[in-house]
Every structure is written in structure tokens, then in C-alpha cells.
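Notes follow the structure.
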Amino acid sequence: MAPTDLLAKRATLTRSVRLLAGFRHEQRDPARFYGALADDTAAMIGDLWQAVHGVAPAGKTLLDVGGGPGYFADAFAAAGLRYVGVEPDPAEMHAGPAGAGAGSAKGSFVRASGTALPFADASVDICLSSNVAEHVAQPWRLGNEMLRVTRPGGLVVLSYTVWLGPFGGHEMGLTHYLGGARAAARYTRRHGHPPKNYYGSSLFAVSAAQGLDWARHTGALVAAFPRYHPRWAWWMAAVPGIREFGVSNLVLVLQPSEPIDCNVF
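In C-alpha cells, the structure reads:
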């Protein structure tokens with residue numbers, strides 16, 4: 001069975017509309033947005049693992065790089081996985097609701113950088129990074145670290161926002177098409193404070209082509225698809241040019257069959 005066969009059955013237009021509609025709540029009602037996203041992400045990981053291994057991933061160890069304040073911990077704990085979250089920002093770790101984040105009994109949390117993970121080689125079954133790579137100056141160093149800590153036969157799932165897609169500017173909206181620096185300056189003038197995701201320091205222009213090039217060079221790539229699109233629109237990820245503007249969020253699924261050379265890119 002192909003890694004995406006089970007997920008494809010859930011990738012409906014209804015799911016896409018539901019997820020994309022949630023983006024407008026990200027800053028005003030983060031629990032509503034991230035809770036729904038976490039549930040969908042846990043289901044996505046479950047589908048990918050079961051398609052590859054024929055069984056649910058219950059009991060497996062999942063390392064979530066950039067896991068934030070604990071919404072994902074709750075979702076993966078409910079799915080029966082052992083959750084370990086990595087987050088470099090202590091404020092972000094404690095930004096969630098009571099009982100989540102670093103104080104949650106539903107997972108373990110480590111303060112560390114995703115580009116220098118404090119874990120042994122081949123020590124986790126699944127390594128996930130959701131919407132983090134575009135916030136990292138060296139995103140493929142992050143990807144290499146994820147591969148390093150994942151056991152042969154496990155899964156690495158790296159999902160990130162494509163810069164030229166409609167959500168590339170995050171809260172700056174479509175003004176990022178004017179250029180990242182100009183968009184940040186415009187946002188600051190309009191709102192009286194800089195955006196949370198500031199271009200050049202906490203937001204970077206990461207393309208779909210760059211991610212696919214890195215993933216192919218590892219030799220471990222098994223699937224790539226648009227995260228929020230219905231199945232009938234997944235073809236966009238295979239078309240240069242179109243994927244930069246149409247994919248919005250690219251998912252790279254890798255399965256190391258042996259220890260990976262982490263200097264591939």
C-alpha cells in the first residue's frame with residue numbers, strides 16, 4: 001500500500017474547507033485553531049503509519065519538533081502514542097491552556113533547537129515537524145536532524161508553509177507578494193507593532209522546490225502532497241511553478257531504511 005492511500009480517503013473538500021477556515025482564528029482563538037489542526041495531524045500520522053506498516057502507531061514514540069504549547073500532545077496521547085515535544089521558546093511552551101504544554105502529563109517536553117536535537121541517533125519511531133521549517137533559517141538542517149533521530153523503518157513527516165502560496169506571509173496576508181521586508185514594514189505601520197512572524201528573523205522564504213530537492217537527495221522520500229488540499233488537487237505538488245503558488249503547505253514524508261548521512265544538503 002502506498003503511504004498516502006489511507007490519507008487520500010480522508011482528503012475531501014469538506015476537510016479542506018474546515019481546516020482552511022480555521023486559520024482566521026489562529027491569533028484570536030488559538031485553542032480552536034490548533035486543537036482542530038492537532039486532531040487532523042494525529043489522524044494524518046496514523047494514516048501514514050498504518051499504510052506503511054499495516055497497523056496503527058499506538059505505543060510508538062513520536063518526536064514533535066516545534067510542538068508548541070501542548071495541543072498536539074493531547075491529540076497524540078489520545079491516539080495512543082508516546083509524545084515528546086521539542087520547543088526552543090519557553091513562552092511558546094506555556095502558551096496553551098491549563099494542563100497543556102510543559103506541565104502536561106500527556107507528554108514529555110524538552111527545550112531545545114530543532115537544528116540540534118538532543119536525542120540519540122535512531123531513537124524515535126516518528127519525527128514530525130508541523131509548520132516550523134518556514135520559521136527556521138536553516139530548514140534542511142532541521143530536516144537532517146529529524147532523519148538522524150528516526151529509526152530505520154520509521155517515518156519523518158515535515159510539513160511547512162510555502163512562501164509563494166497564499167499563506168506564505170502568515171498574519172501579513174497577501175502583502176508578502178510585495179516582498180517580505182516591505183510586508184513586515186506595512187504591517188508594523190498599520191498595527192503599531194511588528195508581526196509575530198517577522199520576515200528575515202522568524203519567517204523565511206522557503207519554496208516547494210527547495211524542500212523536494214532536499215528530500216530527494218536524502219534517498220528516503222516516499223511521498224509529497226499538499227496538506228490542506230482535497231485528493232483531486234494533489235497533482236499540484238508535482239508541477240514546477242504551479243506548486244509554488246497553489247500548494248500553500250507541502251508535506252514531505254520520508255522513511256529511512258538505514259542511518260541517513262546528515263550532510264546531504
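So that you can map any letter, position 105 of the sequence shown is 105 in UniProt numbering, and since no number is skipped, the others follow by simple counting. All residues carry an ideal CB built from backbone N, CA and C; glycine is no exception.
Within the same chain, Ala-184, Tyr-187, Thr-188 come within 8 Å of Pro-194 by CB-CB distance, once the 5 residues on both sides are set aside.
The C-beta distance from Ala-58 to Gly-80 rounds to 3 Å, short enough to fall under 8 Å. Rounded to whole angstroms, the separation of the alpha carbons of Trp-140 and Gly-211 is 8 Å. Contiguous alpha helix (DSSP H) elements confined to the UniProt domain "Methyltransferase type 11" (63 to 157) occur at 71 to 78, 90 to 93, 139 to 149, taking only those with 4 or more residues.
Per the coordinates, the alpha-carbon of Val-149 lies some 22 Å from the alpha-carbon of Leu-250. Contact check for Gly-180 against Val-132 fails: the beta carbons are separated by 8 Å or more. In this chain, Ala-58 is not harboured by any alpha helix (DSSP H), its DSSP state being neither H nor E. In this structure, the straight-line span from the alpha carbon of Ala-56 to that of Gly-143 is close to 24 Å. Using a 10 angstroms sphere on the CB of His-170, the tally of other CB atoms reaches 16 or more, which defines it as buried.
Per the coordinates, the alpha-carbon of Met-44 lies some 17 Å from the alpha-carbon of Ser-248. The three-state secondary structure of Ala-224, taken from DSSP, is strand. Here Thr-161 carries a strand assignment [DSSP, helix/strand/coil]. Val-162 sits close to Ala-208, with the two beta carbons spaced by under 8 Å. The beta carbon of Pro-88 is closer than 6 Å to those of Ser-113 in its chain, skipping five residues each way along the sequence. With respect to the 8 Å criterion, Asp-64 and Val-86 are classified as neighbours on the basis of their beta carbons. When Cβ pairs closer than 8 Å are counted between the two stretches, the segment 198 to 206 is seen not to touch the segment 220 to 238, the count staying below three.
Ala-38 sits close to Asp-74, with the two beta carbons spaced by under 8 Å. For Leu-252, the uninterrupted beta strand (DSSP E) run begins and ends at 249 to 254, by DSSP.
Proximity to Leu-128 across Thr-12, Met-1, Thr-41 peaks at Thr-41, based on C-alpha coordinates. Where Ser-201 is concerned, there is no enclosing alpha helix (DSSP H), because DSSP gives it neither an H nor an E. The three-state secondary structure of Ala-11, taken from DSSP, is coil.
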